[in-house]
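Structure first, commentary second.
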Amino acid sequence: MRGYNFAYLDEQTKRMIRRALLKAVAIPGYQIPFGSREMPLPYGWGTGGIQVTASVLGPDDVLKVIDQGADDTTNAVSIRRFFARTAGVRTTTRTTEATLIQTRHRIPETPLREDQIIVYQVPQPEPLYRLEASRAETRRMHALAEYGVMHVKLYEDIARFGQVAISYDYPVMVNRRYLMAPSPIPAFDNPKLHRMPALQLFGAGREKRIYAVPPYTDVRSLDFEDHPFRAGRAPRACGLCGAVDSYLDEVVIDDRGQRLFVCSDTDYCAERRAAGHVGAEGLAEAAE
Amino acid sequence: MTDETLLSARRLSLSFGTIPALVRVDVDLWPGEMLAVVGESGSGKTTLLNVLSGRLSPDSGTVWYRDPAGRLHDVHAMEAPLLRKLHRSDWGFVQQDPRENLRMGVTAGGNVGERLMAQGARHYGNIREAALDWLTQVEIDADRIDDLPRTFSGGMLQRLQIARTLVTHPRLVFMDEPTGGLDVSVQARLLDLIRTLVSRLKIAAVLVTHDIAVARLLAHRIMVMQRGVVVETGLTDQVLDDPQHAYTQLLVSSVLQA
Chain F
1 MRGYNFAYLD
11 EQTKRMIRRA
21 LLKAVAIPGY
31 QIPFGSREMP
41 LPYGWGTGGI
51 QVTASVLGPD
61 DVLKVIDQGA
71 DDTTNAVSIR
81 RFFARTAGVR
91 TTTRTTEATL
101 IQTRHRIPET
111 PLREDQIIVY
121 QVPQPEPLYR
131 LEASRAETRR
141 MHALAEYGVM
151 HVKLYEDIAR
161 FGQVAISYDY
171 PVMVNRRYLM
181 APSPIPAFDN
191 PKLHRMPALQ
201 LFGAGREKRI
211 YAVPPYTDVR
221 SLDFEDHPFR
231 AGRAPRACGL
241 CGAVDSYLDE
251 VVIDDRGQRL
261 FVCSDTDYCA
271 ERRAAGHVGA
281 EGLAEAAE
Chain Z
1001 MTDETLLSAR
1011 RLSLSFGTIP
1021 ALVRVDVDLW
1031 PGEMLAVVGE
1041 SGSGKTTLLN
1051 VLSGRLSPDS
1061 GTVWYRDPAG
1071 RLHDVHAMEA
1081 PLLRKLHRSD
1091 WGFVQQDPRE
1101 NLRMGVTAGG
1111 NVGERLMAQG
1121 ARHYGNIREA
1131 ALDWLTQVEI
1141 DADRIDDLPR
1151 TFSGGMLQRL
1161 QIARTLVTHP
1171 RLVFMDEPTG
1181 GLDVSVQARL
1191 LDLIRTLVSR
1201 LKIAAVLVTH
1211 DIAVARLLAH
1221 RIMVMQRGVV
1231 VETGLTDQVL
1241 DDPQHAYTQL
1251 LVSSVLQA
């Protein structure tokens, strides 16, 4: 696209961000401050993720962008088009074809490979944010690994509800050292973070922080020995493809309270349907 | 300094501008001993407590702490992480206002269990059992374990603070007027509790109070301060029955008899 540098950001900015990314990869789970730039969309719309993607994107990359697992939502389409126009890279909706995946709040169902990079959009990088208002104090807590207060939160949940009541952005311990907020992915996706072969990069534009999890890093969700972490999902099968192992979206389909559960990961669902799997709704439609 | 003291300080001096808060104060504390620091408001008692516990730096003088392995540490030369760790495990601090030391939005059980969790305890059942045990020891009804401290009375809050502090079996506890602001019968119950716990668990304590009666009841040794200077020090009974310094005599004679 004329008048713009490759992937929109100037080379110096990309270099600054890459330096921050290197530091982040060197200290898994630790938040690195960076000079978040003014982007052509406001805070809260994925500027952090876009800046990280722009900094690591190369002309031979194949880019996939998803929003809550879907390639076809307005914002996923916008961001994908943004990079198509400013970088001229190939884009795809297929997880297996992508070399770089930018995601808002989900990890694809298809396991990622060593040659892939996943970039997460992060609203709030500080996992202790709700428990400790002072950033100076949270920085000290991270430095001294004083995370007792987070376990107090888990204790309180179990005392009050019988189980931990965190359903997304479930805090994790990275490399047995730093407490990290994995972005608002559902707790169901947390196990995928552990020893993932792909490089995981996290960008928070408004909060101006970058962090990373290198490939094959230990990432464990916080829990108690006698109340181990459970990855929750709706006990249903996808109505379109019949999958019982993917994270499902619950869709209200009429005003009589009828619900349809479908795979949140649109690519995963499409692949399964292309392979011949059919869910209950799919069968009903075929019968009509 | 002898071989056996748990905490020692020499020539502590601290001024707030021109106001002398501490003037060449020496302190010695032996394991399992309770030392009371008495004096009127502004005598430097709380300042002394803060300097001894490392929360405030003196202008001059040193504070040494002997850890369980017998090693001496200069409290003010220690690295911040080590000092913080000490405060969470070996040391305790009981504030006059328990609300400053408790998490008011966290249940009683969570408050008591926090220091255990901070030390790495990861078994919910065990933590809860320890919390129940301590609530019973401080005479709080076990049913209240899941209640928020907002629903507790002043005396209960103070007892909860004590449970929260003692759960990690600290060897040294700093107490800043723990019974201040409580009415007499509640105060009596609390003093009895402190006395029992401290003697059973062999905790050393530095107790700051302006109430001579509290000092007489709880402390083995007493230090009388006036305007930052230690005017008299010795065994509690000796000092209170036979005060030598004029100020001590004034304090003792001022106590109202019930």
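From first to last, the protein sequence lines are chains F and Z. The working numbering numbers the first residue of the first sequence as 1 and each following residue consecutively. The working numbering numbers the first residue of the second sequence as 1001 and each following residue consecutively. Ideal Cβ positions, reconstructed from N, Cα and C, are used throughout, including at glycine. Owing to the predicted nature of the structure, the values given are computational and were not obtained by experimental measurement.
Residues of its chain near residue i, where Cβ-Cβ distance is below 7 Å and the 5 sequence neighbours each way are ignored
i: T338/F; result: With chain F represented from 1 up to 288, any question about residue 338/F goes unanswered, as that position is not in the structure.
i: L1191/Z; result: T1179, V1214, L1217 and L1218
i: A198/F; result: L112, R113, E114, Q116, I117, I118 and P215
i: S183/F; result: H105, Y120, Q121, V122, D169 and F202
i: G1109/Z; result: R1128, A1131, I1145 and D1146
i: E1040/Z; result: H1210
i: P295/F; result: The structure shown does not extend to residue 295/F, since chain F is modelled only from 1 to 288, so the question has no answer here.
i: P1098/Z; result: L1157, Q1158, L1160 and Q1161
i: M173/F; result: L179, R220 and L222
Rounded straight-line distance, which links the Cα of residue j to that of residue i
i: G1113/Z; j: Y155/F; result: 9 Å
i: R15/F; j: L1082/Z; result: 38 Å
i: V1208/Z; j: T1233/Z; result: 14 Å
i: T1236/Z; j: I1145/Z; result: 37 Å
i: S1254/Z; j: M1223/Z; result: 17 Å
i: L1294/Z; j: V1231/Z; result: With chain Z running from 1001 to 1258 in the structure shown, residue 1294/Z is simply not present.
i: M1001/Z; j: G1092/Z; result: Unreliable placement is indicated for M1001/Z, whose pLDDT of 47 sits below 50; no coordinate value is reported for it.
i: Y178/F; j: T93/F; result: 33 Å
i: F261/F; j: D67/F; result: 18 Å
i: V149/F; j: P1020/Z; result: 38 Å
i: H1123/Z; j: P40/F; result: 48 Å
i: D1143/Z; j: L1135/Z; result: 9 Å
i: G1155/Z; j: V1167/Z; result: 18 Å
i: G239/F; j: V251/F; result: 10 Å
i: G44/F; j: R1010/Z; result: 57 Å
i: V1027/Z; j: E207/F; result: 48 Å
i: Q1244/Z; j: V1184/Z; result: 29 Å
i: L1116/Z; j: H151/F; result: 10 Å
i: D1241/Z; j: L1029/Z; result: 22 Å
i: R292/F; j: E132/F; result: No answer is possible for residue 292/F: it lies beyond the span of chain F, which begins at 1 and ends at 288.
i: D1059/Z; j: L1049/Z; result: 15 Å
i: L338/F; j: L1197/Z; result: Only positions 1 to 288 of chain F appear in the structure, and residue 338/F is not among them; the question remains open.
Start-to-end residues for the beta strand (DSSP E) that takes in residue i
i: E1232/Z; result: V1229 to L1235
i: A1213/Z; result: Premise fails: A1213/Z lies in the alpha helix (DSSP H), I1212 to L1218, not in any beta strand (DSSP E).
i: W1030/Z; result: Looking at the DSSP string, W1030/Z is not in any beta strand (DSSP E), and its letter there is neither H nor E.
i: A1205/Z; result: A1204 to T1209
i: I1140/Z; result: Element bounds for I1140/Z: n/a, residue is neither H nor E.
i: S1094/Z; result: Before going on, a small fix: residue 1094/Z reads as Val here, not Ser. Unbroken beta strand (DSSP E) run through V1094/Z: W1091 to V1094.
i: C263/F; result: R259 to C263
i: E250/F; result: L248 to V252
i: H1073/Z; result: L1072 to D1074
Residues near residue i by beta carbon distance below 8 Å, same chain, minus five either side
i: M1104/Z; result: L1148, P1149 and R1150
i: E225/F; result: none
i: Y247/F; result: G69, R106, E109, P186, F188, D189, R233, C263, S264 and D265
i: S1043/Z; result: M1225, Q1226, R1227 and G1228
i: E290/F; result: Lying outside 1 to 288, the shown extent of chain F, residue 290/F is not represented and no answer is given.
i: L1201/Z; result: L1166 and H1169
i: L1193/Z; result: V1138, E1139, R1159 and I1162
i: R1221/Z; result: E1033, M1034, L1035, A1036, T1233, G1234, L1235 and T1236
Cβ neighbours of residue i in the same chain (closer than 6 Å, five flanking residues each side left out)
i: Y1065/Z; result: L1007, H1073 and V1075
i: D71/F; result: T93 and T266
i: A280/F; result: G239
i: V62/F; result: R90, T92, E97, A98 and T99
i: I101/F; result: K64 and I118
i: P53/F; result: Position check: residue 53/F holds Thr in this sequence, whereas Pro was assumed. Counting only Cβ-Cβ distances below 6 Å, and skipping sequence neighbours, we find Q102 and V119.
Residue range of the unbroken alpha helix (DSSP H) whose run includes residue i
i: F6/F; result: No alpha helix (DSSP H) contains F6/F, which DSSP labels as neither H nor E.
i: T53/F; result: T47 to V56
i: G1109/Z; result: A1108 to A1118
i: L1201/Z; result: V1184 to L1201
i: G203/F; result: G203/F -> not in any alpha helix (DSSP H); beta strand (DSSP E) instead, spanning L199 to A204.
i: T86/F; result: T74 to A87
Open item on the list: Please list, in chain order, the residues of the segment 1074-1086 of chain Z that have any C-beta partner in chain F closer than 9 Å.
Closed with: A1080, P1081, R1084 and K1085
TODO: Determine which residues of the segment 171-200 of chain F have a Cβ less than 8 Å from any Cβ of chain Z, and write them out in chain order.
DONE: none
Task: Three CB pairs or more closer than 8 Å across the segment 1048-1057 of chain Z and the segment 1169-1188 of chain Z - done: yes
Task: Residues, ordered as in the chain, of the segment 217-251 of chain F that lie near chain Z by beta-carbon distance below 7 Å - done: F224, E225, D226 and H227
TODO: Taking only beta carbons into account, state which residues of the segment 151-169 of chain F come closer than 9 Å to chain Z, listed in chain order.
DONE: H151, V152, K153, L154, Y155, E156, I158, A159 and R160
Open item on the list: Along the segment 126-147 of chain F, where does the CB come closer than 7 Å to a CB of chain Z? Name the residues.
Closed with: L144 and E146
TODO: Pull out every residue of the segment 1122-1153 of chain Z whose Cβ sits closer than 7 Å to any Cβ of chain F, in chain order.
DONE: R1122, H1123, Y1124, G1125, I1127 and D1146
Task: Proximal residues, the segment 1098-1110 of chain Z versus chain F, C-beta separation under 8 Å - done: R1103, V1106, T1107, G1109 and G1110
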